[in-house]
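One structure is given below, encoded as structure tokens.
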Amino acid sequence: MYSKCTAISHGSGTIINAIATNKGSAFGITLGVEATVELINDHKKIINGKIEGQKEIAPNLIETCVKNVLDYYNLDYSAKVTTKSNLPIKSGLSSSSATANAVTLATMGVLGKYAPEGDKKINKKINNELDDLIINLGIKSCFDENLTITGAYDDATASYYGGITITDNENRKILKRDAFNDEDVKVIVLIPNNYQKNLNKERMILIKNYVEIAFNNCLVGNYYEALFMNGLFYASTLNFPTNISIEALESGALTFGLSGTGPSYIGLCKAENVPNIVKYLEKYGKIYITEVCNSKSKIINLE
Ligand SMILES: Nc1ncnc2c1ncn2[C@@H]1O[C@H](COP(=O)(O)OP(=O)(O)O)[C@@H](O)[C@H]1O
Ligand SMILES: O=C(O)C1=C[C@@H](OP(=O)(O)O)[C@@H](O)[C@H](O)C1
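The opening position of the sequence shown corresponds to residue 23 in this note's numbering, with each subsequent residue numbered one higher.
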């Protein structure tokens, strides 16, 4: 057992939102969450969470993540858990999955259950099994806090492993892993003004057959087409603007669509087109320029 561990995990953009069909796809982005967990060996199991720089967000998810790991190993330590993040929250960029992954991994690390990369004691097979456990404990915590409908296994795996994951969320299976490896590609995120996340499940299920078409495109590697189609279907269903995606294409984006249940839109473009796309879209809201993340969540400090 250690006294403190810090881990990082990443947000993800949506290629296919799984709510209509229980099958989804997401890709890691370099915006993410850093979580630090400190253990106190007082047998009181008091868990206190703090979110740096976010007054309006309650620490319930991060406290639940630590509790679920301690419960899994039947331990009664107290703990302090702190997060800091550059990932927009409640925006459709999987901040809940990224947070759950980072806090769960940091808790496993401080308990000495998960050896950090480079550790000589690392046993690849054990770590791979623990990866599954970490993702599933994180999903449990998101369910416990009513933050997911399908478990968002697509978001959770893309956040944890990086790259593109295509998933069956009902059976928690990764159907395919891939990555955007295009040269010189940037990720554009738009958080439009005056819109909030929309979780109208009944309306989202109406478009099941059309999302299936987008999903089948995704399965064969047509990721730009799948992202764009998915974005149009869910934006029109959830009353988000659809013209924004068209204008993004007009200004040079390779693809652009609603991410998750919104309000954010996400797209990819060649780096040289970023200025023109920003010029076209900045009238709609706040823009973040980031990159795809093809790397795994990891422990960055253990003491
Ligand atoms: N950095 C963070 N630290 C602590 N909790 C966070 C952080 N980011 C997100 N959360 C939790 O996740 C919730 C947002 O999750 P959700 O509504 O699913 O939106 P998203 O689309 O961003 O995943 C927040 O209300 C909060 O409980
Ligand atoms: O709650 C869920 O099951 C899901 C939420 C959505 O993401 P956001 O929570 O980021 O909107 C969606 O993209 C994902 O495929 C499934």
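Yeah, the Cβ is synthetic: ideal placement off N, Cα and C, and Gly gets one too.
Computed from a predicted model, the values in this text were never measured in an experiment.
According to DSSP, H65 shares a beta bridge with no other residue. Under the DSSP definition of a beta bridge, N39 lacks any partner.
Between the segment 292-299 and the segment 205-218, the count of C-beta pairs closer than 8 Å reaches three or more; the two stretches touch. Across the structure, M226 and V103 are spaced so that their CA atoms are roughly 35 Å apart. For L155, the CB stays at least 8 Å from every heavy atom of ligand 2.
A distance below 8 Å between beta-carbons, with the five flanking residues on each side excluded, links Y246 to the following residues of its chain, in chain order: L276, T277, L290. In this structure, the CA atom of K66 is about 49 Å from the CA atom of I229.
Shown here, N244 sits in coil according to DSSP, grouped into three states, outside any helix or strand.
Contact annotation: L152 and A101 have beta-carbon atoms that are not nearer than 9 Å. At a cut-off of 8 Å, the beta-carbon of S281 counts as near ligand 2: some heavy atom of the ligand is closer than that. Burial state of E85 is buried, judged by a 10 Å Cβ sphere holding 16 or more other Cβ atoms. With contacts defined by Cβ atoms closer than 9 Å, A48 and D204 do not form a contacting pair. Between G54 and I37 the beta-carbon gap is near 18 Å, outside 8 Å, which marks them as no contact. Pairing K45 with F237 gives a Cβ-Cβ distance under 9 Å.
Beyond the five residues adjoining it in sequence on each side, T170 comes within less than 6 Å, by CB distance, of C164 in the same chain, given in chain order.
In the DSSP assignment, P297 falls within the alpha helix (DSSP H) that extends over 296-303. Under the DSSP assignment, L92 falls in the alpha helix (DSSP H) whose first and last residues are 82-94. Apart from sequence neighbours up to five positions away, the residues of its chain that approach K320 with a beta-carbon distance below 8 Å are A29, I30, L127, P138, E139, ordered along the chain. For I321, the enclosing beta strand (DSSP E) has its first and last residue at 320-324. If the five residues before and after N191 are omitted, its C-beta is found closer than 8 Å to the C-beta atoms of A40, N44, K45, G46, T172, G173, A174, Y175, D176, all from its own chain and listed in chain order.
Just so you know, the alpha carbons of I288 and D64 end up roughly 45 Å apart.
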